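Residue numbers (the working numbering), protein chains in the order written: chain A, 26 to 311; chain B, 103 to 443.
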Amino acid sequence: MSELIATLVVLTLIKATPIIYAALGGVISERSGVINIGLEGMMAAGAFFAVVASFATHSPLLGLLAGIGAGALFGYLLAFAATRFKVDQIVAGTGINLICAGGAAYGLVVIFNQPGASVQVASLGHAFWILIVLAFALAATMQWVLYRTPWGLRIRACGENPSAVVSAGLNPLALRVYAVVISGALAGLGGAFLSIGELNLYSDGMTAGRGFIALAAVIFGRWHPLAATAACVVFGFFEALQFVLQGQISWLPANAMQALPYIAALVALAGVTGRVRAPAADGVPF
Amino acid sequence: MTRATRMIAGPLGAVVLILVLMSLAMIAAGTSPVDGFTALFVGALGGRNQIGETLVATTALLFPALGICLAFRAGLFNIGAEGQLLIGGLCAGALGAVLTVPGPIGIVLMLIAGAIGGGAWGAIAGWMKARFGANEIIATLMLNFVAAYFALELVSGPLKGPLAAGAETAWLDPKYWLPTLLPATRLSIALLLAVALALVLQWTFSRTVFGYDLRASGEAPEAARRSGINLARLTWLALTLSGAIAGVGGATIVSGELHRFNTQLSPGYGFTAIAVALVGDLQPLWICIAAFGFGILESGGLAMQASAQVPKDAIHVIEGLIIFVLAARRYVATRVEGTLP
């Protein structure tokens with residue numbers, strides 16, 4: 026029994042980590058006033074390019090950097106569209122999701138010459154524990170930056186009242202671009218963790234809605250980095266539970282257990298959202 | 103620019119841009135664009151069978167796109183059409199497998215079952231939004247995953263056909279198959295149903311109080327609320343109807359093409375339909391044309407993959423880019439004209 030609990034704890038941490046990175050990306054983006062529906066696609070881009078770079082250079086570290094870079098690039102695309110062209114952020118994010126998921130599937134055929142999954146590449150191995158610890162450290166750091174530093178105050182002001190930021194002599198659009206690029210980089214890091222941290226390859230659809238679960242965690246955590254991280258641990262727990270319960274409880278169908286994390290996110294979404302308030306200018310072009 | 107040239111130049115510019123991007127994707131895959139486009143168009147329109155398959159894809163995209171359009175008009179971003187399509191198909195397939203009534207009645211009952219199934223799936227998100235203020239984008243997306251596992255569980259066990267090898271329901275009696283529209287192809291009269299639905303929706307949006315309420319609550323919710331529109335009820339209703347329309351689409355795929363339900367019902371029609379609805383500018387009649395365009399990409403994409411070795415997934419990248427180009431085009435038009443288009 027204690028062995029089972031230990032497995033559950035370890036798996037929970039592993040499963041929560043990629044969602045935490047994406048959720049932290051969601052928090053900083055929404056705090057600056059840009060809803061990042063594209064987190065899912067940015068994770069896929071990060072996961073895919075991490076594998077490509079690791080495949081090309083045999084260095085998982087460069088793979089990790091490539092994943093972060095790819096996420097940041099798509100973050101910039103969203104930021105550019107949202108600030109320069111004032112596009113509907115949700116429409117643009119949906120476009121990014123399609124581009125990234127389709128692009129990765131296309132890339133698998135072009136680069137690895139096989140559909141569905143890449144070849145196996147050099148993975149981070151045990152070093153992925155550093156990334157797990159880093160996720161929690163980053164959450165604490167972001168909490169501090171957002172609430173205890175001038176830059177954090179400015180980012181939050183962009184999400185609440187961008188006109189006030191202009192009055193203070195700053196450019197809210199530039200701040201939003203920084204925030205969304207960081208958001209993409211974090212989502213890319215989460216994706217890279219999935220592909221070359223947990224595993225050693227990219228497979229089609231491997232992000233499996235985690236970017237959206239992260240968005241649910243952002244709302245559940247009321248746009249606070251630490252609270253959102255706690256929500257991610259809860260979702261990670263349900264994902265881990267499904268693995269641990271398989272083969273343990275015969276009367277519960279396997280497919281029902283696989284749906285657990287998504288049902289948990291739905292329940293969380295319904296359970297708290299009526300009583301929370303998003304940043305006032307969240308999703309509003311300026 | 104005059105209004106007329108802008109109306110033509112905008113979409114034309116988008117089409118040219120998209121063609122250039124597709125050419126680049128083909129070159130990257132090691133195929134000349136000439137070969138690639140030839141394979142695409144011959145594969146989509148080169149003969150009776152190809153045209154039939156293109157129109158089959160058009161129909162499959164048109165239903166969820168119309169559903170998405172209805173929700174969008176109320177300002178609700180329904181990205182759960184994929185799940186609603188699946189549940190609609192599941193309900194129709196499950197019912198069709200056990201029916202013993204005359205053919206036409208059975209087909210109508212199956213379509214109704216699809217509407218109820220898809221509608222119920224949309225209603226969950228609508229209820230969550232109206233009752234708890236839950237974000238409908240995340241709710242509808244999560245429900246896609248739940249739908250996929252739910253359907254897989256049911257057709258692996260209780261609803262699995264007695265003779266079925268894989269996870270699927272029993273085959274339908276041929277009297278419950280939707281009549282064929284184009285002989286010797288898989289195209290059923292579902293296409294006519296979808297176009298008729300588009301006409302009804304166009305009329306509803308532009309000529310009825312409900313259509314006005316939808317638009318008012320989407321564009322100016324506060325004004326709508328103060329004018330006496332019950333926003334919670336409208337939210338719930340819009341997402342339910344949106345799901346029901348997608349669900350009917352799922353039922354027509356089961357009754358018209360597959361003649362049974364399995365979980366491979368849709369290769370992402372519900373997601374492509376978002377692009378279709380946006381390209382069609384949320385106008386049902388334009389959406390019909392957009393669905394045909396995307397139908398060409400869907401069926402031609404398969405042919406292109408087979409004969410020119412360009413992966414079909416490139417099509418999804420193109421769809422994403424189309425969404426981007428169109429979203430930005432509004433802003434450019436605003437800048438040029440000085441007024442909102």
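Backbone N, C-alpha and C fix where the C-beta goes; we use that ideal spot for every residue, glycine too.
Predicted model only: the values in this text are computed from it and were never measured.
Exposed unless 16 or more other CB atoms sit within 10 angstroms - verdict on A/Met68: So A/Met68 counts as buried.
Could you tell me whether any Cβ in chain B is nearer than 8 Å to the Cβ of A/Asn280? Yes, its Cβ sits closer than 8 Å to a Cβ of chain B.
Would you call A/Tyr172 buried or exposed, if buried means 16 or more other Cβ atoms sit within 10 Å of its Cβ? Per the 10 Å Cβ criterion, exposed.
Spell out whether any CB of chain B is found under 8 Å from the CB atom of A/Phe110. A/Phe110 counts as touching chain B.
First and last residue of the alpha helix (DSSP H) that includes B/Met230? 205–234 is the extent of the alpha helix (DSSP H) around B/Met230.
Buried or exposed for A/Arg109, please, with buried defined as at least 16 other CB atoms from any protein chain shown within 10 angstroms of its CB. Burial call: exposed.
Is there a C-beta anywhere in chain A that falls below 8 Å from the one on B/Val378? Not closer than 8 Å to any Cβ of chain A, the Cβ of B/Val378 fails to qualify, so no.
On the criterion of 16 or more Cβ atoms from any shown chain inside 10 Å, does A/Arg181 qualify as buried, or is it exposed? Within 10 angstroms of the beta-carbon of A/Arg181 lie 16 or more other beta-carbons, which makes it buried.
With a CB to CB cut of under 6 Å and the five nearest residues on each side skipped, what residues in its chain are close to A/Ser208? Taking A/Ser208 as the centre and dropping the five residues before and after it, the same chain places the C-beta of Gly50, Ile53, Ser54, Asn61, Gly100 closer than 6 Å to its C-beta, in chain order.
Alpha carbon to alpha carbon, how far is B/Thr441 from B/Ala167? In this predicted model, B/Thr441 has a pLDDT of only 40, less than 50, meaning its place in the structure is not dependable; the value taken from the coordinates is given anyway. Straight-line Cα distance between these residues: approximately 28 Å.
Could you confirm whether any beta carbon from chain B is found closer than 8 Å to the beta carbon of A/Gln168? It does not: the Cβ of A/Gln168 has no partner Cβ on chain B nearer than 8 Å.
Between the CA atoms of B/Gly145 and A/Ile157 - distance to the nearest angstrom: If you take the alpha carbons of A/Ile157 and B/Gly145, they lie about 48 Å apart.
Can you tell me whether B/Leu114 is buried or exposed? The criterion is at least 16 other CB atoms within 10 Å of its CB, across all chains shown. By the beta-carbon neighbour count (other beta carbons within 10 angstroms, threshold 16), B/Leu114 is exposed.
Identity of the residue in B/Ala130, B/Ala159, B/Gly216 nearest B/Gly403 by Cα: Residue B/Ala159 holds the alpha-carbon nearest to the alpha-carbon of B/Gly403 among B/Ala130, B/Ala159, B/Gly216.
Suppose you measure from the CA of B/Ser409 to the CA of B/Pro204; what does that come to, to the nearest Å? A straight line joining the alpha-carbon of B/Ser409 with that of B/Pro204 spans about 44 Å.
Alpha-carbon to alpha-carbon, A/Phe153 and B/Ile355: Approximately 45 Å between the Cα atoms of the pair.
Verify whether the separation of the beta carbon atoms of A/Val77 and A/Ile136 is less than 8 Å. Going by C-beta atoms, A/Val77 is nearer than 8 Å to A/Ile136.
Does any C-beta atom of chain B lie closer than 8 Å to the C-beta of A/Tyr287? Interface residue, yes.
Per DSSP, cross-strand counterpart(s) of A/Asn186: Answer is none; A/Asn186 lacks a bridge partner.
Identify the residues that DSSP records as bridge partners of A/Ser228: which are they? Looking at the DSSP assignment, A/Ser228 forms a beta bridge with A/Ala142.
List the residues of chain B that A/Gly100 touches, going by C-beta distances under 8 Å, in chain order. Here the premise fails: no neighbours, minimum Cβ distance about 14 Å.
I'd like to know whether the C-beta of A/Gly96 is nearer than 8 Å to at least one C-beta of chain B. Among the CB atoms of chain B, none fall inside 8 Å of the CB of A/Gly96.
Identity of the residue in A/Arg179, A/Ala130, A/Ala199 nearest B/Pro413 by Cα: Checking every option, the nearest Cα to that of B/Pro413 belongs to A/Ala130.
Go ahead and label B/Lys277 buried or exposed: buried means 16 or more other beta carbons lie within 10 angstroms of its beta carbon, across all protein chains shown. Exposed is the call here.
Continuous alpha helix (DSSP H) assignments of at least 4 residues falling wholly in the stretch 82–143 of chain A: Annotation note: the stretch 82–143 of chain A contains the following uninterrupted alpha helix (DSSP H) runs of length 4 or greater, listed N- to C-terminal: 85–108, 114–137.
Give me the Cβ distance between A/Asp229 and A/Gly58, rounded to the nearest whole Å; I'm assuming they're in contact under 8 Å. Under the criterion of beta carbons closer than 8 Å, A/Asp229 and A/Gly58 do not qualify as touching, at roughly 33 Å.
Based on the DSSP output, what are the partners of B/Thr446 in its beta bridges? Limits of chain B in this structure are 103 at one end and 443 at the other, which puts residue 446 of chain B out of reach.
Between the Cα of A/Ala281 and those of A/Gln267, A/Val292, A/Ala290, A/Leu291, spot the shortest distance and give me the residue it belongs to. Among A/Gln267, A/Val292, A/Ala290, A/Leu291, the Cα nearest to that of A/Ala281 is on A/Gln267.
A/Gln283: contacting residues in chain B (beta-carbon distance under 8 Å): Simply Tyr251.
Assigned exposure category for B/Asn180 - 16 Cβ within 10 Å defines buried: With 16 or more Cβ atoms within 10 Å of its Cβ, B/Asn180 is classed as buried.
Extent of the continuous alpha helix (DSSP H) to which A/Leu198 belongs: 197–217 is the span of the alpha helix (DSSP H), which, as asked, contains A/Leu198.
Following the continuous alpha helix (DSSP H) through B/Asp315, name the residue where it begins and the one where it ends. Its alpha helix (DSSP H) spans residues 311–321.
With which residues is B/Glu270 paired in a DSSP beta bridge? B/Glu270 pairs with B/Asn364.
Cβ of A/Val134 within 8 Å of any chain B Cβ: Yes, A/Val134 counts as interfacial toward chain B.
What's the gap between the Cα of B/Arg288 and the Cα of B/Gly351? Distance from the CA atom of B/Arg288 to the CA atom of B/Gly351, rounded to whole angstroms, is 15 Å.
If we call anything under 8 Å between Cβ atoms a contact, is B/Ile420 one with A/Leu294? No, the pair does not count as a contact, with Cβ atoms beyond the cut-off.
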